[in-house]
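Residue 255 in full-length UniProt numbering sits at position 255 of the sequence shown; the count goes up by one each step and never skips.
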Amino acid sequence: MRILIAPDKFAGTLSAPEASAAIARGWRRTAPDDVIVEIPLADGGPGFLDVLRACLGGELLTLTVTGPTGAPVEAAVLMATGADDVPTAYLESAQACGLHLTEPADRDPRVTTSRGVGELLVAAIEAGARRVVVGLGGSGTNDAGAGMLAALGARAVDSGGADVSELLSLGGAGLRGIAHVDLEAARARVGGGGDLDGGAGISSGPGLTGGSGALEIIIATDVDNPLLGLRGATNGFGPQKGADQASVMVLEGSLEAFVSAVGRRPDGKEPAVALGAGAAGGLGYAFLHLGATRVPGIATVLEIVSLARRVGECDLVITGEGAFDWQSLRGKVVAGVAEAALSQGRPCLVLAGRSELGRREFAASGVSAAFSVVDHLSQQGHPSEDAFEDPAGKLADLAERAARTWSR
Numbered sequence: 001m002r003i004l005i006a007p008d009k010f011a012g013t014l015s016a017p018e019a020s021a022a023i024a025r026g027w028r029r030t031a032p033d034d035v036i037v038e039i040p041l042a043d044g045g046p047g048f049l050d051v052l053r054a055c056l057g058g059e060l061l062t063l064t065v066t067g068p069t070g071a072p073v074e075a076a077v078l079m080a081t082g083a084d085d086v087p088t089a090y091l092e093s094a095q096a097c098g099l100h101l102t103e104p105a106d107r108d109p110r111v112t113t114s115r116g117v118g119e120l121l122v123a124a125i126e127a128g129a130r131r132v133v134v135g136l137g138g139s140g141t142n143d144a145g146a147g148m149l150a151a152l153g154a155r156a157v158d159s160g161g162a163d164v165s166e167l168l169s170l171g172g173a174g175l176r177g178i179a180h181v182d183l184e185a186a187r188a189r190v191g192g193g194g195d196l197d198g199g200a201g202i203s204s205g206p207g208l209t210g211g212s213g214a215l216e217i218i219i220a221t222d223v224d225n226p227l228l229g230l231r232g233a234t235n236g237f238g239p240q241k242g243a244d245q246a247s248v249m250v251l252e253g254s255l256e257a258f259v260s261a262v263g264r265r266p267d268g269k270e271p272a273v274a275l276g277a278g279a280a281g282g283l284g285y286a287f288l289h290l291g292a293t294r295v296p297g298i299a300t301v302l303e304i305v306s307l308a309r310r311v312g313e314c315d316l317v318i319t320g321e322g323a324f325d326w327q328s329l330r331g332k333v334v335a336g337v338a339e340a341a342l343s344q345g346r347p348c349l350v351l352a353g354r355s356e357l358g359r360r361e362f363a364a365s366g367v368s369a370a371f372s373v374v375d376h377l378s379q380q381g382h383p384s385e386d387a388f389e390d391p392a393g394k395l396a397d398l399a400e401r402a403a404r405t406w407s408r
């Protein structure tokens, strides 16, 4: 059999390449003669740049930018020329403001900033990029991209007209002290300040003017949530970034105030309600204000790695992630891989740290079967906490078990 292994990261335990290697190792114990092809994947979050570099090559520019807590962190810009000969820069927002950059005990999305993402964007522009593709996901911030906009030159004033631009880079909670935000300089930095093209829905592009001097910005998001509300950046993802209920209320109010202070785009559209505006703590919202076009992150990656062709060349597809739940079926790696397998009539297995979905819930998405490390341990009489001890070994054991049923 030809087996395609294409997992996402297992958040907090294994990177996508580590997960892929563990699955392959376990599978070979049962089926040593199977031909295995590994394609670790990402959906716009952590690992996005590594996946693209493996496929595209290009030049990696490493630099120091402002991290989520204000301390410097190392991040990179991948420069490559697209098939249309447009100099293109690829950025991963998580490298500048990712949740993993802050120790669990210190996580507080009220005070983390996305400023480093703006610094990466400036570096890409200065390196000659005419198109920028930004992977959004895995952030530890909840500032609606205010820090990113500040790095591009955005200014802010309070209700008395005093300059309070520093608040843009101090985290989401401080945004309620802003009465008006001026994005003229930020828009000019990315190639123009005129009215947006508009286009279908909320997206517009390239850039702000559509002219030859505009920078085309594409945001690859791992979720399609709006900025505000129950499915928004704060309520949907704030708790997993360290926000308690009181902090969630503060942040939601601050983001509402920020949206009011920024106002609508020059074309009259409101990015806060757009799909993906809530991605990466609201970075999607800020990029949409700059005229970015939003695309699902996994679709972008799958196109670049030619997944459809690779699925057609195999007999069985295996994907996976840390938690297989309802979010997995909404623009995540698992959903993209399963859809590709379904379209070509290939069975698709999900190997996960834990699974919260039943067969009825996942079957329609193209998943043939799901295996869980936690369930496997439970069947052996071990507590679920054991999953965090040697996670690669536990995942390999799970793959070995799956191969007994699915390899032929």
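C-beta: ideal position from N, C-alpha, C; glycine also.
A distance below 8 Å between beta-carbons, with the five flanking residues on each side excluded, links residue 335 to the following residues of its chain, in chain order: 298, 328, 329, 365. For residue 309, the enclosing alpha helix (DSSP H) starts and ends at 307-312. Checking the DSSP bridge columns, you'll see residue 10 partnered with 14.
For residue 362, there is no enclosing beta strand (DSSP E); the enclosing alpha helix (DSSP H) covers residues 359-363.
Closest in alpha carbon position to residue 246, among 173, 348, 83, 165, is 173. Here residue 90 is bridged, per DSSP, to 78, 133. When DSSP assignments are scanned along the stretch 140-164, the uninterrupted stretches of beta strand (DSSP E) that are 3 or more residues long and fall wholly within it turn out to be 155-157. Segment contact: the stretch 8-26 against the stretch 71-79, fewer than three CB-CB distances shorter than 8 Å; contact not assigned. Residue pairing for residue 105: DSSP places it in no beta bridge. Counting only runs that start and end inside the stretch 367-391, the beta strand (DSSP E) elements of at least 3 residues fall at 369-372. When the Cα atoms are used, residue 215 and residue 130 turn out to be separated by approximately 5 Å. In this structure residue 46 is buried. Its beta-carbon is surrounded by 16 or more other beta-carbon atoms within 10 angstroms. Inside the stretch 165-195, DSSP marks whole alpha helix (DSSP H) runs of 4 or more residues at positions 184-189, from first to last along the chain. The alpha-carbon separation between residue 109 and residue 231 amounts to approximately 17 Å.
Under the 10 Å beta carbon count, residue 55 is surrounded by fewer than 16 other beta carbons and is classified as exposed.
Put simply, the backbone Cα of residue 341 is about 8 Å away from that of residue 367. Excluding sequence positions up to five before and after residue 48, its CB lies within less than 6 Å of the CB of 42, 92, 135, all in the same chain and listed in chain order. For residue 321, the enclosing beta strand (DSSP E) starts and ends at 316-324. Taking C-beta atoms under 8 Å as the contact rule, residue 14 and residue 53 fail to qualify, at a distance of about 19 Å.
A direct Cα-to-Cα measurement between residue 382 and residue 85 gives close to 55 Å.
Pairing residue 255 with residue 221 gives a Cβ-Cβ distance that is not under 8 Å. For residue 348 against residue 2, the beta-carbon gap comes to about 14 Å, at or over 8 Å, which does not count as contact. In the structure shown, residue 227 falls within a coil segment according to DSSP collapsed to helix, strand and coil. Around the beta carbon of residue 32, fewer than 16 other beta carbons lie within 10 angstroms, which makes this residue exposed.
For residue 319 against residue 333, the beta-carbon gap comes to about 6 Å, under 8 Å, which counts as contact.
Around the beta-carbon of residue 326, fewer than 16 other beta-carbon atoms lie within 10 Å, marking it exposed.
Nearest to residue 280 by C-alpha distance, out of 30, 311, 44, 386, is 44. Taking one beta carbon from each stretch, the stretch 94-104 and the stretch 184-191 have fewer than 3 pairs nearer than 8 Å; the two do not touch. Under the DSSP assignment, residue 343 falls in the alpha helix (DSSP H) whose first and last residues are 333-343.
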